[in-house]
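Residue numbers (the working numbering): 15 to 263. Beta carbons are placed, not taken as given, at the ideal position from N, Cα and C, and that holds for glycine. Note that the coordinates shown come from a computational prediction; the quantities given were computed from them, not determined experimentally. Structure first, commentary second.
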Amino acid sequence: MTELAARDDRSQASARVLVVEDEPDIAALVAYQLAREGMRVETAADGRAALAAANREVPDLIVLDLMLPGISGYDILSALRGQRATRDVPVIVLTARREEEDRIRGLELGADDYMTKPFSPRELVLRVHAVLRRARQPAVAAGGRLFQAGGLTVDLGARVAALDGRELGLTPTEYRLLVALLERRGRALSREQLLAQAWDMDSEVAGRLHTRAVDMHVRRLRAKLGAHGSWIETVRGFGYRFRSPEPEV
Ligand code: CA
Numbered sequence: 015m016t017e018l019a020a021r022d023d024r025s026q027a028s029a030r031v032l033v034v035e036d037e038p039d040i041a042a043l044v045a046y047q048l049a050r051e052g053m054r055v056e057t058a059a060d061g062r063a064a065l066a067a068a069n070r071e072v073p074d075l076i077v078l079d080l081m082l083p084g085i086s087g088y089d090i091l092s093a094l095r096g097q098r099a100t101r102d103v104p105v106i107v108l109t110a111r112r113e114e115e116d117r118i119r120g121l122e123l124g125a126d127d128y129m130t131k132p133f134s135p136r137e138l139v140l141r142v143h144a145v146l147r148r149a150r151q152p153a154v155a156a157g158g159r160l161f162q163a164g165g166l167t168v169d170l171g172a173r174v175a176a177l178d179g180r181e182l183g184l185t186p187t188e189y190r191l192l193v194a195l196l197e198r199r200g201r202a203l204s205r206e207q208l209l210a211q212a213w214d215m216d217s218e219v220a221g222r223l224h225t226r227a228v229d230m231h232v233r234r235l236r237a238k239l240g241a242h243g244s245w246i247e248t249v250r251g252f253g254y255r256f257r258s259p260e261p262e263v
C-alpha cells in the first residue's frame, strides 16, 4: 500500500458503514473487522431495517447481502439508487459463490463491487477501503471543463456530466468510467485499463473483479447518454474507445 493510500485509509476511520446481512455470525464478523478499522458500523438484518437506517443517516458505504428474507438485496439496491439521498452511496454486494448471474445483476443495478461468499474478512476490509477512497476522491486534479460537444458537457470541477443541460445522474463509477474514456478519447482502452482507472483498484483486486463489470457499466453509461451512446465504441476483444466530434472546448 502506498503512503498516500495509508493516509487515506486513516482518514476513513470515521466512515459510517451500514452492513445488511441476516446471518448474525457474518454480520458480527464484518462489523467487528470494520469497527477495528475505527469505522462506525451499523447492522441491519432485513430490508426494512436497512432502508430505515440508510434514510436516518446516509452511510458512507453499504455492504449488502443479496440473499435476505423479505425484501431482497436487489430491491434494496434499486430503492437506494432510486432515492436522491442515497443514489450515490457506494455499495459492495455479497453473493453466493458461483452465482455469476447474481453478480451481474447486482452490477447492473449499480453496485460498485461485489464479494462472493465465503470471503476473507481481510479482503473485505481492503475493498471497503478501496471503495471509500474512490468515493472520496476529489474531481480529477484541476477543475474546469473537460469536454463539451454535441450537447454533452463534463465539468470536472463540479463533477457533473450533463446532456443538453440536463444532468445525467451518473453513479460515481459511471462518472469515473466516462472521465477515463474522455481523458483518452480517440484511443482504445482495455477492460483491464478501465477497471484500474475507473475503479482505482490495486491490480490484484481489480484482476479478481470480473471484467464483465466494465461491460455492464458501459451499457448503463451508453443508455444514459441516449443518442450519444454510440460515441462509446466497442473495440472487439479488447475494450472501449470514446469517439466523438472534436471537443468544442
Ligand atoms: Ca443472507
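A distance criterion of 7 angstroms places the beta-carbon of Asp74 beyond contact range of ligand 1, judged by its closest non-hydrogen atom.
In the three-state reduction of the DSSP assignment, Gly84 falls in the coil class. Secondary structure note for Leu108: its beta strand (DSSP E) is the uninterrupted segment 105-110. As DSSP reads the structure, Leu32 sits in a beta bridge with Glu56, Ile76. Setting aside the 5 residues that flank it on each side, Pro83 is surrounded in the same chain by Asp36, Asp60, each with a C-beta closer than 8 angstroms to its C-beta; the list follows chain order. Residue environment for Phe252: exposed (fewer than 16 other C-beta atoms within 10 angstroms of its C-beta).
If one requires a minimum length of 4 residues, the alpha helix (DSSP H) runs lying completely within the stretch 223-260 are 226-239, in chain order. Counting along the chain, the unbroken alpha helix (DSSP H) around Leu209 starts and ends at 205-212.
Restricting attention to Leu239, Gly124, Asp89, Lys238, the CA atom closest to the CA of Ile106 is found in Gly124.
The residue among Arg148, His143, Arg255 with its C-alpha nearest the C-alpha of Arg50 is His143. Between Val193 and Leu208, the C-beta gap is not smaller than 8 angstroms, which leaves the two residues out of contact. Around the beta-carbon of Pro132, fewer than 16 other beta-carbon atoms lie within 10 Å, marking it exposed.
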